[in-house]
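All remarks here apply to the structure that follows.
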Ligand SMILES: CC(C)(COP(=O)(O)OP(=O)(O)OC[C@H]1O[C@@H](n2cnc3c(N)ncnc32)[C@H](O)[C@@H]1OP(=O)(O)O)[C@@H](O)C(=O)NCCC(=O)NCCS
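Numbering (the working numbering), first residue to last: 6 to 185.
Written out as structure tokens, the structure reads:
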């Protein structure tokens, strides 16, 4: 079921959005988000078509696997899909956690879209209630993503070495949100 951002106290923002579960037809959106050099500057570079097809299959099965949820972010006004936001099971420093990620197409950045999508997804993770702590690990060189964590109420834990995607290590900030 789609969840919209209008019911919150964010009516002043320019773009109202909703989130919808990631679906079978969303590979083209995934290609625009994770197959693009500029979009993946802080994510280890663009994924190949083969990697994207595998990721699409993982996203489609994520809910039934019980290991997280991935959504697309859709503009209320036009129905256009402009980004992704989601959370998944992970472990960090020996602790089982939720990890969160977000991505918004360049033409739609700076309008509060990631912030609104992330707020809806945080509420979903809280309702799932499997883990108490939700972490995000943006590169230290990614100001918008770090600003987003701060805006959403995450606490900065520390700078750390983080592997994403597999085999690619980068300097990241560990941000944590207590869902209780
Ligand atoms: C990170 C990303 C999702 C943000 O999307 P967005 O819809 O533009 O985000 P929002 O508009 O909700 O918020 C961005 C915040 O960053 C701030 N910001 C933007 N550029 C900034 C900069 N250079 N320095 C500091 N803050 C900055 C904005 O002011 C805004 O904060 P505000 O609402 O308090 O003003 C988007 O930049 C993106 O998709 N980047 C590429 C993929 C990526 O790196 N994903 C994150 C992986 S951890």
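Glycine included, each C-beta is placed from N, C-alpha and C at the ideal position. Bear in mind the structure is a predicted one, so any value in this text is a computation, not a measurement.
Taking the beta carbon of residue i as the centre, do at least 16 other beta carbons fall within 10 Å, making it buried, or is it exposed?
i: residue 111; result: exposed
i: residue 173; result: exposed
i: residue 90; result: buried
i: residue 77; result: buried
i: residue 170; result: exposed
i: residue 52; result: buried
i: residue 185; result: exposed
i: residue 155; result: exposed
i: residue 148; result: exposed
i: residue 68; result: exposed
i: residue 141; result: buried
i: residue 58; result: exposed
i: residue 98; result: exposed
For a quick check, are the C-beta atoms of residue i and residue j less than 8 Å apart?
i: residue 120; j: residue 24; result: no
i: residue 139; j: residue 132; result: no
i: residue 157; j: residue 118; result: no
i: residue 31; j: residue 61; result: yes
i: residue 93; j: residue 65; result: no
i: residue 163; j: residue 179; result: yes
i: residue 5; j: residue 34; result: Nothing about residue 5 can be reported from this structure: the residues present for the chain run from 6 to 185 only.
i: residue 137; j: residue 183; result: yes
i: residue 108; j: residue 44; result: yes
i: residue 125; j: residue 8; result: yes
i: residue 38; j: residue 88; result: yes
i: residue 177; j: residue 143; result: yes
i: residue 103; j: residue 95; result: yes
i: residue 82; j: residue 21; result: yes
Taking DSSP as the reference, what is the three-state secondary structure of residue i?
i: residue 14; result: Confidence in residue 14 is poor, its pLDDT being 43 and thus under 50, which makes the residue's placement too unreliable to answer from.
Using beta carbons (cut-off 8 Å, strictly below), is residue i in contact with chain B?
i: residue 71; result: Here chain B cannot be found, since the structure has a single protein chain.
Could I get the ranges of all uninterrupted alpha helix (DSSP H) runs contained in the stretch 112–156, with 4 residues as the minimum, in chain order? If we require 4 residues or more, the alpha helix (DSSP H) runs fully inside the stretch 112–156 come out as 118–133 and 148–156.
Taking only runs of the alpha helix (DSSP H) that begin and end inside the stretch 20–68, which ones reach a length of at least 4 residues, in chain order? Runs of the alpha helix (DSSP H) inside the stretch 20–68: 32–39.
Anything with a beta carbon under 6 Å from a heavy atom of ligand 1 counts; list them all in chain order. The filter returns 44, 47, 48, 106, 107, 108, 109, 114, 115, 116, 117, 118, 119, 120, 143, 147, 148, 149, 150, 152, 153 and 156, in chain order.
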